[in-house]
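Written out below as structure tokens is the structure these notes cover.
Number of protein chains: 4
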Amino acid sequence: MARTKEQNDKMSLATKKKIMEAGLKLFSQKGFSMTSIKDIAQTAGISTGLIYRHFSSKDELFGELLENTIRELSKAIQFLSSHVSPLQAFAEMTSDLLKDIRSSEELSCYFLLVTRSILEEEALVQLAGLQKSDLSLFEKAAELIEKGQELGEFKPGNPFKLSLLYFSAIQGMAQMKLFMGERYIAPEVQDIMALLLR
Amino acid sequence: MARTKEQNDKMSLATKKKIMEAGLKLFSQKGFSMTSIKDIAQTAGISTGLIYRHFSSKDELFGELLENTIRELSKAIQFLSSHVSPLQAFAEMTSDLLKDIRSSEELSCYFLLVTRSILEEEALVQLAGLQKSDLSLFEKAAELIEKGQELGEFKPGNPFKLSLLYFSAIQGMAQMKLFMGERYIAPEVQDIMALLLR
Amino acid sequence: MARTKEQNDKMSLATKKKIMEAGLKLFSQKGFSMTSIKDIAQTAGISTGLIYRHFSSKDELFGELLENTIRELSKAIQFLSSHVSPLQAFAEMTSDLLKDIRSSEELSCYFLLVTRSILEEEALVQLAGLQKSDLSLFEKAAELIEKGQELGEFKPGNPFKLSLLYFSAIQGMAQMKLFMGERYIAPEVQDIMALLLR
Amino acid sequence: MARTKEQNDKMSLATKKKIMEAGLKLFSQKGFSMTSIKDIAQTAGISTGLIYRHFSSKDELFGELLENTIRELSKAIQFLSSHVSPLQAFAEMTSDLLKDIRSSEELSCYFLLVTRSILEEEALVQLAGLQKSDLSLFEKAAELIEKGQELGEFKPGNPFKLSLLYFSAIQGMAQMKLFMGERYIAPEVQDIMALLLR
DNA sequence: TATGAATGAGCTTTCATTCAT
DNA sequence: CATGAATGAAAGCTCATTCAT
Chain A
1 MARTKEQNDK
11 MSLATKKKIM
21 EAGLKLFSQK
31 GFSMTSIKDI
41 AQTAGISTGL
51 IYRHFSSKDE
61 LFGELLENTI
71 RELSKAIQFL
81 SSHVSPLQAF
91 AEMTSDLLKD
101 IRSSEELSCY
111 FLLVTRSILE
121 EEALVQLAGL
131 QKSDLSLFEK
141 AAELIEKGQE
151 LGEFKPGNPF
161 KLSLLYFSAI
171 QGMAQMKLFM
181 GERYIAPEVQ
191 DIMALLLR
Chain B
1 MARTKEQNDK
11 MSLATKKKIM
21 EAGLKLFSQK
31 GFSMTSIKDI
41 AQTAGISTGL
51 IYRHFSSKDE
61 LFGELLENTI
71 RELSKAIQFL
81 SSHVSPLQAF
91 AEMTSDLLKD
101 IRSSEELSCY
111 FLLVTRSILE
121 EEALVQLAGL
131 QKSDLSLFEK
141 AAELIEKGQE
151 LGEFKPGNPF
161 KLSLLYFSAI
171 QGMAQMKLFM
181 GERYIAPEVQ
191 DIMALLLR
Chain C
1 MARTKEQNDK
11 MSLATKKKIM
21 EAGLKLFSQK
31 GFSMTSIKDI
41 AQTAGISTGL
51 IYRHFSSKDE
61 LFGELLENTI
71 RELSKAIQFL
81 SSHVSPLQAF
91 AEMTSDLLKD
101 IRSSEELSCY
111 FLLVTRSILE
121 EEALVQLAGL
131 QKSDLSLFEK
141 AAELIEKGQE
151 LGEFKPGNPF
161 KLSLLYFSAI
171 QGMAQMKLFM
181 GERYIAPEVQ
191 DIMALLLR
Chain D
1 MARTKEQNDK
11 MSLATKKKIM
21 EAGLKLFSQK
31 GFSMTSIKDI
41 AQTAGISTGL
51 IYRHFSSKDE
61 LFGELLENTI
71 RELSKAIQFL
81 SSHVSPLQAF
91 AEMTSDLLKD
101 IRSSEELSCY
111 FLLVTRSILE
121 EEALVQLAGL
131 QKSDLSLFEK
141 AAELIEKGQE
151 LGEFKPGNPF
161 KLSLLYFSAI
171 QGMAQMKLFM
181 GERYIAPEVQ
191 DIMALLLR
């Protein structure tokens with residue numbers, strides 16, 4: 001008879017994953033408008049029509065990728081909150097982020113996807129959720145910074161402002177890496193930490 | 001004949017200026033693909049056809065704006081080089097850049113235009129020129145940093161790497177400002193300088 | 001081997017019948033272009049692929065339904081010819097057609113299918129056959145009308161023209177019924193017969 | 001300088017008229033789905049893109065044509081209402097409609113457009129308005145029939161039912177004409193009037 | 001035989017670009 | 001020089017059809 005349901009599900013899932021990987025890569029590299037459905041299909045090695053079996057529109061695909069981003073950011077929030085020493089938490093997070101940036105891997109793409117999605121006005125609906133999520137990341141970080149300031153490890157000043165300073169710098173690094181490619185030389189953890197420590 | 005040649009030239013120049021201002025504003029706000037020629041014409045208060053008397057294509061308009069950016073960056077390079085104290089040079093440049101970012105003014109737009117132009121693959125031709133110009137900015141800055149290191153003012157380490165660190169952070173700030181709008185709180189000069197000083 | 005040839009044939013036949021019923025219903029309700037193969041498959045309770053085991057294309061399915069229509073019309077022709085009294089023949093046929101229209105049943109669908117197939121230019125091939133068949137229906141009816149005129153029962157005038165008048169009206173009723181649904185009030189037999197009688 | 005505003009308006013109006021004529025012809029002949037924007041553009045002798053300068057979508061073009069139809073039907077209603085003798089009113093209207101059908105002219109197309117729009121589920125919004133308008137035509141006609149019945153000119157029976165009978169027949173004629181083309185022989189006024197008179 | 005994932009041609013729609021005025 | 005109507009290539013999306021299982 002036909003394929004079994006499990007076989008179909010497996011195929012379907014594999015295809016969806018291919019599409020999302022291609023989408024993440026292309027959207028974060030070229031932006032929403034510059035990335036065509038055909039591009040994504042070619043990168044994923046499938047036909048254009050097949051994308052519409054998994055996502056009802058280009059916007060929806062983009063939206064789902066953004067939601068993933070939110071989820072990834074939430075994980076980072078969790079990570080920050082669950083650590084005891086603010087200093088250690090930031091050091092580890094910075095180390096992870098720089099590693100990602102160096103290797104241009106997924107999280108780095110996510111960071112840029114966020115940036116792009118904001119600059120392009122697509123996805124206005126998701127944006128609300130995204131900005132909130134992003135802000136709450138900044139706020140969680142700010143709380144940690146405040147705790148660090150009490151411990152005398154972090155430099156004094158408005159903790160939220162310092163949080164923004166930190167993430168702006170990280171974002172700039174991801175962008176620059178994408179811009180310069182192999183010629184980019186990523187900084188060391190302590191270079192970034194200098195923004196926060198006394 | 002009604003108007004004199006000079007009058008025509010003056011009008012022509014004024015029109016071109018209007019187009020470039022509109023282009024800079026829209027491209028840096030919405031990105032290359034999201035900005036239509038009609039948008040630019042409306043913002044400039046002229047007809048679409050007139051744009052093509054001054055620029056042979058949308059790409060060319062974009063390219064010319066990029067070239068302007070390069071020129072602006074060159075000025076920054078000049079500024080850096082002509083100052084005696086590296087520390088003072090960086091402090092002043094940082095102050096200027098942060099001021100621009102705070103007020104979202106022209107130079108800030110230029111910065112984002114560069115970023116966008118890199119992410120969108122339009123303007124591949126100009127890119128080469130831009131990257132070179134950009135790199136030369138980074139290199140000039142690196143030279144200054146090196147000098148500063150010799151004077152014991154700057155922290156030790158690969159000067160080019162520190163230069164990248166500095167400009168990445170600046171770029172991240174500009175992006176974040178655009179993202180968050182009024183909610184963004186720009187850092188102080190010494191917060192940024194912490195990246196470079198011991 | 002599991003099933004016998006006969007069992008397979010029976011299943012096959014049952015499937016084909018289900019497809020044709022679904023096709024007739026949907027094509028006459030929504031028209032050729034608005035009806036998708038997926039629609040038909042779902043209505044028939046089978047997979048899309050299976051339709052192509054029975055019909056080589058959507059057009060062919062439509063064509064076969066049209067051929068059925070021709071066959072139905074032929075039966076009406078036979079019916080007309082075999083009756084002695086032209087008056088009685090028309091009265092009975094009219095009664096049957098109005099009954100169909102009132103109940104929106106199969107023959108009514110067929111009528112509309114014909115109409116639709118003519119308006120949509122699909123099925124150009126079948127059309128030839130259909131028009132011929134249709135014309136021959138009109139001609140048979142015309143012959144009967146002529147006979148009725150000789151008997152003094154029908155009004156004088158070009159018999160073919162009267163035949164067209166009659167079938168045009170019937171077709172209009174079918175259409176109007178579909179249009180208005182429950183709000184439609186079908187006429188009585190004698191209302192239609194007034195077109196033909198003195 | 002440029003074209004004057006009047007010249008532009010004239011060109012614009014002429015183009016819009018060409019589009020609407022092509023649309024009316026093709027939609028009523030082939031139906032909404034079978035008619036492509038390319039078809040309309042070719043028939044109108046313009047480019048596809050130009051259609052979108054006058055109508056924001058295919059649906060809107062169709063909708064505007066439907067609104068025209070409503071307006072035409074309203075005129076017919078006015079015509080009916082303003083005449084003194086019901087008999088004369090119907091005779092004249094019938095004469096006009098048959099003339100249109102014979103020459104396949106505009107009003108005939110409008111009639112079929114209505115029919116098609118109902119069969120295809122596009123234009124659901126307009127449909128409400130259309131059906132109401134159509135019904136009010138039937139009701140106006142019914143009133144006239146009732147008056148005629150009081151004068152003893154029209155046959156007895158439910159006036160609304162007779163009204164439907166009349167318009168169904170007219171609609172059937174229009175359809176048949178389109179179907180058979182030159183081979184169609186239209187009936188005389190009194191042939192149709194036989195539906196209503198004693 | 002039966003399934004539904006996968007394909008790709010073709011449709012609607014957008015927009016950079018041209019050109020008559 | 002200035003306009004905006006007109007063009008047509010290219011994008012997003014649909015759906016008849018194929019094919020591996």
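Protein chains in written order, with this note's numbering: chain A, 1 to 198; chain B, 1 to 198; chain C, 1 to 198; chain D, 1 to 198. Glycine is no exception: its CB is placed at the ideal position from the N, C-alpha and C atoms.
Of the listed residues the options, nearest to residue i (C-alpha basis)
| i | options | result |
| --- | --- | --- |
| A:Gln78 | A:Lys140, A:Phe55, A:Phe62, A:Ile101 | A:Lys140 |
| C:Ile170 | C:Val84, C:Met11, C:Ile51, C:Val114 | C:Val114 |
| D:Leu80 | D:Leu66, D:Asp100, D:Leu144 | D:Leu144 |
| B:Gly23 | B:Thr43, B:Arg53, B:Lys155 | B:Thr43 |
| D:Gly152 | D:Leu137, D:Leu165, D:Leu197, D:Met193 | D:Leu197 |
| C:Ser163 | C:Lys38, C:Ala76, C:Ala142 | C:Ala142 |
| D:Asn158 | D:Glu146, D:Phe90, D:Ser12, D:Lys75 | D:Glu146 |
| C:Met199 | C:Phe179, C:Ile37, C:Gln149, C:Met93 | Past the edges of chain C, shown from 1 to 198, lies residue 199 of chain C, and the structure says nothing about it. |
| A:Gly148 | A:Leu178, A:Phe111, A:Asp59, A:Phe90 | A:Phe90 |
| C:Thr48 | C:Glu67, C:Glu150, C:Lys18 | C:Lys18 |
| A:Gly31 | A:Tyr52, A:Leu178, A:Arg183, A:Ile192 | A:Leu178 |
| D:Phe154 | D:Met176, D:Gln88, D:Tyr110 | D:Gln88 |
| D:Ser74 | D:Leu137, D:Lys5, D:Lys161 | D:Leu137 |
| A:Leu195 | A:Lys16, A:Phe27, A:Tyr166 | A:Tyr166 |
| B:His221 | B:Asn68, B:Gly181, B:Gly63, B:Ser12 | Here chain B has residues from 1 to 198 only, and residue 221 of chain B is not among them. |
| B:Lys99 | B:Ala174, B:Gly63, B:Lys161, B:Asp59 | B:Ala174 |
| D:Leu135 | C:Gly181, C:Tyr110, C:Pro156, C:Phe111 | C:Gly181 |
Minimum Cβ-Cβ distance from residue i to chain D less than 8 Å
| i | result |
| --- | --- |
| C:Ser57 | no |
| C:Gln175 | yes |
| C:Leu124 | Bear in mind that the predicted position of C:Leu124 carries a pLDDT of just 47, short of 50, making it unreliable; the figure below should be weighed with that in mind. False, the Cβ-Cβ gap to chain D never drops below 8 Å. |
| C:Leu195 | yes |
8 Å Cβ cutoff, residue i in contact with chain A
| i | result |
| --- | --- |
| B:Leu203 | Examination of residue 203 of chain B is not possible in this model, given that chain B is present from 1 through 198 alone. |
| B:Asp191 | yes |
Integer Cβ distance of residue i from residue j, believed to fall under 8 Å
| i | j | result |
| --- | --- | --- |
| D:Arg102 | D:Ala186 | 5 Å |
| C:Ser95 | C:Val189 | 5 Å |
| A:Ser28 | B:Gly172 | Not quite, the Cβ-Cβ distance comes to about 16 Å (not below 8 Å), so this is no contact. |
| B:Ser33 | A:Ser57 | Rounded, the Cβ-Cβ distance is 17 Å, inconsistent with contact. |
Collapsed DSSP secondary structure at residue i in the structure displayed
| i | result |
| --- | --- |
| A:Leu196 | coil |
| D:Phe154 | strand |
| A:Arg183 | helix |
| B:Val84 | coil |
| A:Ser28 | helix |
| A:Gly45 | coil |
| D:Phe55 | coil |
| A:Met34 | coil |
| B:Glu122 | Its pLDDT being 44, under 50, B:Glu122 is placed unreliably by the model, and the measurement read from it follows with that caveat. Coil at B:Glu122, not helix or strand. |
| A:Thr4 | coil |
| C:Ser104 | coil |
| C:Glu188 | coil |
Within-8 Å CB hit, residue i to chain B
| i | result |
| --- | --- |
| A:Ser74 | no |
| A:Tyr184 | yes |
CB contact below 8 Å: residue i versus chain C
| i | result |
| --- | --- |
| D:Pro156 | no |
| D:Pro187 | yes |
| D:Phe160 | yes |
Residue i: CB within 7 Å of a non-hydrogen atom of the ligand GDP
| i | result |
| --- | --- |
| C:Ile185 | Questions concerning the ligand GDP fall outside what the structure shown contains, since it holds no ligand whatsoever. |
What residues in the stretch 163 to 174 of chain D have a beta carbon less than 8 Å from any beta carbon of chain C? Leu164, Leu165, Phe167, Ser168, Ala169, Ile170, Gln171, Gly172, Met173
Give, in chain order, every residue of the stretch 30 to 41 of chain C whose Cβ lies closer than 7 Å to some Cβ of chain D. Lys30, Gly31, Ser33, Met34
Chain A contacts from the stretch 61 to 93 of chain B (Cβ-Cβ distance under 7 Å): Result list empty, no residue passes.
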